[in-house]
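J.: Pasting in a structure now, in C-alpha cells, and then I'll have a few things to ask.
Number of protein chains: 2
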Amino acid sequence: MTRDREATSRRILEAARDLFAAHGYDQVTMRMIAAEAGANVALVNRYFGTKAALFAEALATGSTIESVIAGDPAGLASRLAHRLAVRLQSGATEPVTRMVDRAGTSPEIQAILRAHVEATVVKRIAAQLDGPHPEQRALLAATMILGTGSVRRLFGPGVIEAVDAEEVEARLRAMFEISLRP
Amino acid sequence: MTRDREATSRRILEAARDLFAAHGYDQVTMRMIAAEAGANVALVNRYFGTKAALFAEALATGSTIESVIAGDPAGLASRLAHRLAVRLQSGATEPVTRMVDRAGTSPEIQAILRAHVEATVVKRIAAQLDGPHPEQRALLAATMILGTGSVRRLFGPGVIEAVDAEEVEARLRAMFEISLRP
DNA sequence: AGAGTTAGTAGACGCTTGTTTACTTGTCAA
DNA sequence: TTGACAAGTAAACAAGCGTCTACTAACTCT
C-alpha cells in the first residue's frame with residue numbers, strides 16, 4: 001500500500017461526485033464513498049470534515065455548463081437549447097449537473113446548492129444580458145435548465161428519443177430566446 | 001379519547017401530506033407524522049402499510065393543477081403562466097404540488113412520483129393538444145412546471161417579488177405557447 | 001539507525017430509522 | 001352484563017447512519 005494523501009483524497013472526491021450524481025445526497029453513505037474510493041471511512045471525515053462539506057467540494061469540481069454559457073451572447077439561446085436537447089435524449093450527463101438534479105432536500109445542503117446554482121448559472125447568464133432586470137430573465141432560463149433535470153430524473157433518459165429531437169431543440173431555442181430577450 | 005378509525009387515518013394522511021410537502025420524503029419520519037396527527041406510530045404502519053405507500057396515498061389526495069389544465073385548450077398557456085407566476089411570487093402553494101417539488105430521490109418513491117406526474121400533468125396536457133406528438137409538447141410544458149418548482153425550492157418564495165410580476169407572466173405565457181403549439 | 005510525523009485502519013459510540021409484536025382499553029352486539 | 005372484536009399503545013427489534021478515538025505502520029529527516 002503506497003501512502004499518498006493527495007491521491008487518496010482525490011479518489012474520495014471523485015467517488016463522492018460520481019455516487020452523489022448517480023443516487024442523490026441522501027442515498028449515498030460515507031461508507032459507500034469510502035468503498036468506491038478504496039479508502040477507509042475515517043479518512044473521508046478526516047480529509048473533508050462532514051458529509052455536507054464533501055458534497056460542497058464535489059460540487060465545486062466544475063461543470064461544463066459554464067463553458068456553454070460563456071461565449072457569444074447572441075448564440076446563448078441556441079447553445080442552451082442544444083445542450084438540453086442532448087440531455088433529454090442521451091443518458092450521459094456530466095456528474096455535477098446530475099448532482100444538482102438529484103441533490104434532494106436535505107436542509108444541510110440547500111444553502112450550498114442554492115449558492116452553486118446562483119453563481120454558476122443565474123449570475124453567469126445574467127452577466128451576458130443587456131436591458132432591464134437581467135437576473136429575472138436569467139432565472140427563467142434557469143427554470144428550463146432545472147426543469148430538464150427534473151424531467152430527466154423522473155422519466156429517465158431517452159424519453160424523447162422516439163420523437164423528433166430537432167423539433168424539440170427548435171422549440172427549446174425559441175423558448176430560451178423569449179426568456180432571455182430584453 | 002374517542003376511538004374512530006376513519007378520523008384517525010384521515011388525520012394521519014393529512015399530517016403526512018403536509019409534512020412531506022414542507023420537508024420532503026427523506027426528512028419526514030413516521031414518528032413525526034404520528035406526532036403531528038396525534039396518533040401512535042404503529043397505527044401509521046397498520047393503516048397505510050409502508051412509508052412509501054403512505055406517500056403514494058398522500059399524493060393521490062388530488063391537486064388543483066388538474067383543474068388549471070382542464071378547460072378551454074385555447075387559454076391553457078395563459079392559465080399555466082398565471083399559475084406559475086403566482087407560484088414564483090407567493091409562498092403558499094398547495095401541498096401536493098410541493099410534495100412533488102420536494103419529493104427527493106428515494107428509489108422507493110421514484111416510480112410513484114413518475115406515474116403521478118405522467119398521469120396528472122403530461123397525459124392531461126397532451127389530451128388537450130391537436131397536431132403531431134402531443135406528448136412531446138406536453139413534456140416541454142411539464143419541464144417548465146417542474147422547473148418552477150425547483151427554482152422555488154432553491155431560491156425560496158418571493159424571488160421575483162421585487163421585480164415586475166406581469167412581465168414574468170407574459171414571458172411564461174409566450175414560452176408555454178411555443179411549447180404547446182402544433 | 002532512530003525518532004518523529006503522518007497516512008491509514010479497526011472498531012466502537014450514540015443515535016435514528018421503519019417496522020413489528022405483545023399488550024391494554026374502549027365499544028357495541030347478544 | 002358479558003364476551004368479542006377492533007382501536008390504540010408501549011416497547012422492542014434489527015439495521016443503518018455520521019462521526020470519532022485509539023491504534024498501527026509507513027515514510028522522512030537528522
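Residue numbers (this note's numbering), protein chains in the order written: chain Y, 1 to 182; chain U, 1 to 182.
Even for Gly, the Cβ is constructed at its ideal location relative to N, Cα and C.
Keep in mind that this is a model prediction, so the values were computed, not measured.
#1: Report the neighbours of Y:D18 on chain U: residues whose CB is nearer than 9 angstroms to its CB, in chain order.
#2: Report all residues from its chain with a CB closer than 7 angstroms to the CB of U:S106; omit the five preceding and five following residues, and keep chain order.
#3: With burial defined as no fewer than 16 other Cβ atoms inside 10 Å of the residue's Cβ, what is the status of U:S185: buried or exposed?
#4: For chain Y, is any of its Cβ atoms less than 8 angstroms away from the one on U:S150?
#5: For the pair the segment 124-133 of chain U and the segment 90-99 of chain Y, tell me if three or more CB-CB distances fall below 8 angstroms.
#6: Counting Cβ pairs, one atom from each stretch, are 3 or more of them under 8 angstroms apart for the segment 76-87 of chain U and the segment 30-47 of chain U?
#7: Apart from the five residues on each side of it in sequence, which residues of its chain come closer than 6 angstroms, Cβ to Cβ, to Y:A81?
#8: Verify the CB distance criterion: does U:V41 have a CB-CB separation below 8 angstroms to chain Y?
#9: Out of Y:R137, Y:L146, Y:H133, which one is the CA nearest neighbour of Y:R114?
#10: Taking 8 angstroms as the CB-CB cut-off, is U:H82 touching chain Y?
#11: Listed from N- to C-terminal order along the chain, which residues in the segment 133-157 of chain Y have their beta-carbon within a distance smaller than 9 angstroms of any beta-carbon of chain U?
#12: Could you compute how far the alpha carbon of Y:A103 sits from the alpha carbon of U:T2?
#13: Which residues in chain U sit within 8 angstroms of Y:S179, going by Cβ to Cβ distance?
#14: So, with DSSP's three-state summary, where would you put Y:E94?
#15: Going by the CB atoms, is the gap between U:H133 and Y:V163 shorter than 8 angstroms?
#16: Applying the 10 Å Cβ sphere with the 16-neighbour rule, what's the burial state of Y:T120?
#17: DSSP three-state call for U:A142: helix, strand or coil?
#18: If you measure from the beta carbon of Y:S90 to each beta carbon in chain U, is any gap under 8 angstroms?
#19: Return the CA-CA distance between U:F155 and U:N45, expressed in angstroms with no decimal places.
#20: Rounded to the nearest angstrom, what separates Y:H116 and U:T148 at their Cα positions?
#21: Using 8 angstroms as the threshold, is the C-beta distance between Y:A16 and Y:L54 below it?
#22: Rounded to whole angstroms, what's the CA-CA distance from U:Q136 to Y:F48? Just pull it up for me.
#23: What separation, rounded to the nearest whole angstrom, lies between the Cα atoms of U:A58 and U:A39?
#24: My assumption, with CB atoms under 8 angstroms, is that U:V151 sits in contact with Y:L139. Please give the rounded CB distance.
#25: What residue range does the alpha helix (DSSP H) around U:L129 cover?
#26: Would you say U:T93 faces chain Y, with C-beta separation under 8 angstroms as the test?
#27: With 8 angstroms as the C-beta to C-beta threshold (strictly closer), list the residues of the segment 105-120 of chain Y near chain U in chain order.
#28: Run through DSSP, which three-state label would U:R181 get?
#29: Can you give the beta carbon distance from Y:A22 to Y:I109, rounded, assuming they're within the 8 angstroms contact cut?
T.: From the atom records:
#1: Along the first sequence, one-based indexing puts residue 18 of chain Y at 18. Within 9 angstroms Cβ-Cβ: nothing; Y:D18 doesn't reach chain U, min ~15 angstroms.
#2: On the second sequence, residue 106 of chain U is found 106 positions in, with the first residue counted as 1. Contacts found: Y25, D26.
#3: Residue 185 of chain U lies beyond the residue range present for chain U, which begins at 1 and ends at 182; the question has no answer from this structure.
#4: Taking the second sequence and counting its residues from 1, the one referred to as residue 150 of chain U is at position 150. Yes, U:S150 counts as interfacial toward chain Y.
#5: The way I'd put it, the segment 124-133 of chain U doesn't touch the segment 90-99 of chain Y; fewer than three beta-carbon pairs between them come closer than 8 angstroms.
#6: Between the segment 76-87 of chain U and the segment 30-47 of chain U there are fewer than three inter-stretch CB-CB distances shorter than 8 angstroms, so the stretches are not counted as touching.
#7: The residue you call residue 81 of chain Y lines up with position 81 of the first sequence. These residues qualify, in order along the chain: E169, L172, R173, F176.
#8: Against the second sequence, residue 41 of chain U aligns to sequence position 41. Not an interface residue.
#9: Walking along the first sequence from the start, residue 114 of chain Y turns up at place 114. Nearest in C-alpha terms to Y:R114, of all of Y:R137, Y:L146, Y:H133, is Y:L146.
#10: To locate residue 82 of chain U, count along the second sequence from 1; it is residue 82. It does not; no Cβ of chain Y falls within 8 angstroms.
#11: Contact annotation: in the segment 133-157 of chain Y, residues whose CB is within less than 9 angstroms of a CB in chain U are H133, E135, Q136, R137, L139, L140, A142, T143, M144, I145, L146, G147, T148, G149, S150, V151, R153, L154, F155, G156.
#12: Here the question's residue 103 of chain Y lines up with position 103 in the first sequence. Here the question's residue 2 of chain U lines up with position 2 in the second sequence. Rounded to the nearest angstrom, the gap between the Cα atoms of Y:A103 and U:T2 is 43 angstroms.
#13: Residue numbering aside, residue 179 of chain Y sits at position 179 when the first sequence is read from its first letter. One finds R171, M175 in chain U with Cβ atoms closer than 8 angstroms to the Cβ of Y:S179, taken in chain order.
#14: As a working mapping, residue 94 of chain Y is identified with position 94 in the first sequence. Coil.
#15: In the first sequence, residue 163 of chain Y corresponds to position 163, counting from 1. In the second sequence, residue 133 of chain U corresponds to position 133, counting from 1. The answer is yes: Cβ separation under 8 angstroms.
#16: As a first step, residue 120 of chain Y is located in the first sequence; it is residue number 120 there, counting from the start. Y:T120 is buried by the Cβ-count criterion.
#17: Numbered from its first residue, the second sequence carries residue 142 of chain U at position 142. Helix at U:A142.
#18: Counting from one through the first sequence, the residue named residue 90 of chain Y turns up at place 90. In terms of beta-carbon proximity, Y:S90 stays away from the interface with chain U, with every pair separated by 8 angstroms or more.
#19: Here residue 155 of chain U refers to the residue found at position 155 when the second sequence is read from its first residue. Here residue 45 of chain U refers to the residue found at position 45 when the second sequence is read from its first residue. Taking the CA atoms as reference points, U:F155 sits about 35 angstroms from U:N45.
#20: Within the first sequence, the letter at position 116 stands for residue 116 of chain Y. Within the second sequence, the letter at position 148 stands for residue 148 of chain U. One C-alpha to the other measures close to 17 angstroms.
#21: Along the first sequence, read from residue 1 onward, the residue named residue 16 of chain Y stands at position 16. Along the first sequence, read from residue 1 onward, the residue named residue 54 of chain Y stands at position 54. The answer is yes: Cβ separation under 8 angstroms.
#22: Counting from one through the second sequence, the residue named residue 136 of chain U turns up at place 136. Counting from one through the first sequence, the residue named residue 48 of chain Y turns up at place 48. So the alpha carbons of these two residues sit roughly 43 angstroms apart.
#23: Translated into the one-based positions of the second sequence, residue 58 of chain U becomes position 58. Translated into the one-based positions of the second sequence, residue 39 of chain U becomes position 39. If you take the alpha carbons of U:A58 and U:A39, they lie about 17 angstroms apart.
#24: Position 151 of the second sequence holds residue 151 of chain U. Position 139 of the first sequence holds residue 139 of chain Y. Right, the Cβ-Cβ distance comes to about 6 angstroms (below 8 angstroms), so this counts as a contact.
#25: Numbered from 1 along the second sequence, position 129 holds the residue referred to as residue 129 of chain U. Element bounds for U:L129: n/a, residue is neither H nor E.
#26: Stepping through the second sequence from its first residue, residue 93 of chain U is reached at position 93. Interface flag for U:T93 against chain Y is unset, since no Cβ pair is found closer than 8 angstroms.
#27: Contact residues of the segment 105-120 of chain Y toward chain U are T105, S106, P107, Q110, L113, R114, V117, E118 (C-beta to C-beta distance below 8 angstroms).
#28: On the second sequence, residue 181 of chain U is found 181 positions in, with the first residue counted as 1. In the displayed model, U:R181 falls within coil according to three-state DSSP, outside both helix and strand.
#29: As a first step, residue 22 of chain Y must be located in the first sequence, where it is residue number 22. As a first step, residue 109 of chain Y must be located in the first sequence, where it is residue number 109. Distance from Y:A22 to Y:I109 at the Cβ level is roughly 16 angstroms; contact not present, criterion being Cβ atoms closer than 8 angstroms.
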